[in-house]
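Everything below concerns the one structure shown next.
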Amino acid sequence: MGHIRGVLKLLKRETRNLVHAFLHPTFLYLVLIGNGILVAATLVVYHFEKGVNPHMKTYFDSLWWGVTTITTVGFGDTVPITAPGRWIGIGLMYTGTVLFISFTGMLVTHWLREEVEKELTPLEKEMLQELRAQVKIEHALRRIEERLDRLEKK
14 MGHIRGVLKL LKRETRNLVH AFLHPTFLYL VLIGNGILVA ATLVVYHFEK
64 GVNPHMKTYF DSLWWGVTTI TTVGFGDTVP ITAPGRWIGI GLMYTGTVLF
114 ISFTGMLVTH WLREEVEKEL TPLEKEMLQE LRAQVKIEHA LRRIEERLDR
164 LEKK
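Residue numbers (the working numbering): 14 to 167.
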């Protein structure tokens, strides 16, 4: 019974970590950019393929193709037949690969950071907090200096 409780505790902790990683601003930014690229690309492909490609009669057909392409699933049931459509397809393939590599890297980095921070001594944790505070102060100082430079130029 103790093993089940331990597994449930581990699942709860890792689910919380996963949700926290998914809500990270960089992750959300990548999702937003990826979806924007997907919608734009499928709209352009639909523009070139409608009336020419019997497999892309509606925008949904184009969206279906785009999702299967950007996720690198590529069923092959719907493919562009025009040159611009194929070029956009190549771009979506690369975009999907880069996005999924980025997502994976972000998740691994998030989990590793949590594991490393668990191993830190109290003194190391305090030093890390001070370093983070110093970085924030330096960023704020840089922004203030940039504002001052802009004001002096006026």
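Here a beta-carbon is modelled for each residue, glycine too, at the ideal position from N, C-alpha and C.
Just so you know, these numbers come straight off a predicted model, no measurement behind them.
- Counting along the chain, the unbroken alpha helix (DSSP H) around L43 starts and ends at 38–62.
- Boundaries of the alpha helix (DSSP H) harbouring N30: 15–35, taken from the DSSP string.
- When rounded, the separation of the alpha-carbon atoms in Y42 and N48 is 10 Å.
- DSSP places F113 inside the alpha helix (DSSP H), whose first and last residues are 96–132.
- Spanning the alpha carbons of G87 and F35 requires a straight line of approximately 25 Å.
- In summary, T91 is buried, with 16 or more beta-carbon neighbours lying within 10 Å of its beta-carbon over all protein chains present.
- Here Y59 is buried, its C-beta having at least 16 other C-beta atoms within 10 Å.
- Contact check for T84 against G109 passes: the beta carbons are separated by less than 8 Å.
- No Cβ-Cβ contact shorter than 8 Å links W124 with N66.
- DSSP places K167 in the coil class of the three-state scheme, outside both helix and strand.
- DSSP, read as helix, strand or coil, puts D162 in helix.
- In the displayed model, V148 falls within a helix according to three-state DSSP.
- In the three-state DSSP reduction, V80 falls in the helix class (H, G or I).
- Within its own chain, the residues whose Cβ lies closer than 8 Å to the Cβ of L56, once the five positions on either side in sequence are excluded, are Y72, S75, listed in chain order.
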